[in-house]
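Each residue of the sequence shown is one higher than the one before, counting from 47 in this note's numbering.
Using N, Cα and C, we set each Cβ at its ideal position, and we do this for glycine too.
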Amino acid sequence: MFRSAAARTLRSVASRSRVSGARGNASHAGPSADTTNYVTEETFFSPMWRNAFAGGILAYAVYRFDKAYADGNDGKGYFQSTIEYHLPADNTWEERNVKHYNLAKEAAEARLLIQSAEYPRFRQLSYPGMLDHGSPWGVHVDQIVDTSKVEVKRRDL
């Protein structure tokens, strides 16, 4: 079995003819000189026409079923009643829009409050006595601050 497969491969390689030309490779050659015309048979029995015809019959059957269903169901067809059943109530979207508007308004007011916030007009120290602390011997020239005229304001809570 191995010998026959190898012999077939060898025969197929040997039977190939060498391509002569500028490039020397048949896959890169120009268009072939084969000028035979192939005639395809196009009829209304091709799969596309068959499927279109079957789809038309199916659409007509569904239309007739929906019309028959509407006669016994308050004038509403099966598809219309199914869609109305799955849609939300009439005022649902209005309620959602009002809720969204209120939330957006609250967010805008909060943003304006944050944007208009200011720091306090004076810096409050948690321990005002620390201005007087520190060793006078560890202070170099030009590093001492005169705090004799500083008034400590206290905020009553």
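On the three-state DSSP scale, how would you describe residue 97?
For the purposes of this step, residue 97 is identified with residue 51 of the sequence shown, where counting begins at 1. Looking at residue 97 - three-state DSSP - the assignment turns out to be helix.
Other residues of its chain near residue 184: CB distance less than 8 Å, five sequence neighbours each side excluded
Sequence index remark: in the sequence shown, residue 184 carries index 138 (1-based). None.
Any contact between the segment 125 to 135 and the segment 147 to 165? By contact I mean 3 or more CB pairs, one from each, below 8 Å.
no
Spatial distance of residue 102 from residue 90 (CA atoms)
Here the question's residue 102 lines up with position 56 in the sequence shown. Here the question's residue 90 lines up with position 44 in the sequence shown. Taking the straight line joining both Cα atoms gives about 15 Å.
By the three-class DSSP mapping on this structure, what secondary structure does residue 134 have?
Here residue 134 corresponds to residue number 88 of the sequence shown, with the count starting at 1. In the structure shown, residue 134 sits in coil (DSSP, three-state: anything other than H, G, I, E or B).
Which listed residue (119, 98, 108, 170) has its alpha carbon closest to that of residue 197
What you label residue 197 is simply residue 151 of the sequence shown in a count that begins at 1. Per the Cα distances, 170.
For my contact list, residue 125 and residue 117 are in at a C-beta cut-off of 8 Å; report their separation, rounded to the angstrom.
For the purposes of this step, residue 125 is taken as residue 79 along the sequence shown, with counting starting at 1. For the purposes of this step, residue 117 is taken as residue 71 along the sequence shown, with counting starting at 1. Not quite, the Cβ-Cβ distance comes to about 15 Å (not below 8 Å), so this is no contact.
If you run the structure through DSSP and keep just helix, strand and coil, what is residue 67?
If you number the sequence shown from 1, residue 67 lands on position 21. Only weak support exists for where residue 67 lies, its pLDDT of 48 falling under 50; the value from the coordinates is given anyway. DSSP places residue 67 in coil when its eight states are reduced to three.
Distance, residue 154 Cα to residue 182 Cα:
As a working mapping, residue 182 is identified with position 136 in the sequence shown. As a working mapping, residue 154 is identified with position 108 in the sequence shown. Cα to Cα, the separation comes out at about 53 Å.
CB-CB under 8 Å to residue 119, same chain, minus the five flanking residues each way: which ones, in chain order?
Within the sequence shown, the letter at position 73 stands for residue 119. Counting only Cβ-Cβ distances below 8 Å, and skipping sequence neighbours, we find 127.
Could you tell me the alpha carbon to alpha carbon distance between residue 144 and residue 114, rounded to whole angstroms?
Counting from one through the sequence shown, the residue named residue 144 turns up at place 98. Counting from one through the sequence shown, the residue named residue 114 turns up at place 68. Those two C-alpha atoms are separated by around 41 Å.
Assign residue 106 to one of three DSSP states: helix, strand, or coil.
As a position in the sequence shown, residue 106 is number 60, starting the count at 1. Helix.
Report the option in 97, 199, 88, 96 whose CA atom is closest to the CA atom of residue 168.
Counting from one through the sequence shown, the residue named residue 168 turns up at place 122. Minimum Cα distance to residue 168 is reached at 199.
Sequence-distant residues of the same chain with beta carbon closer than 7 Å to residue 189, five excluded per side:
Numbered from its first residue, the sequence shown carries residue 189 at position 143. Nothing meets the Cβ criterion.
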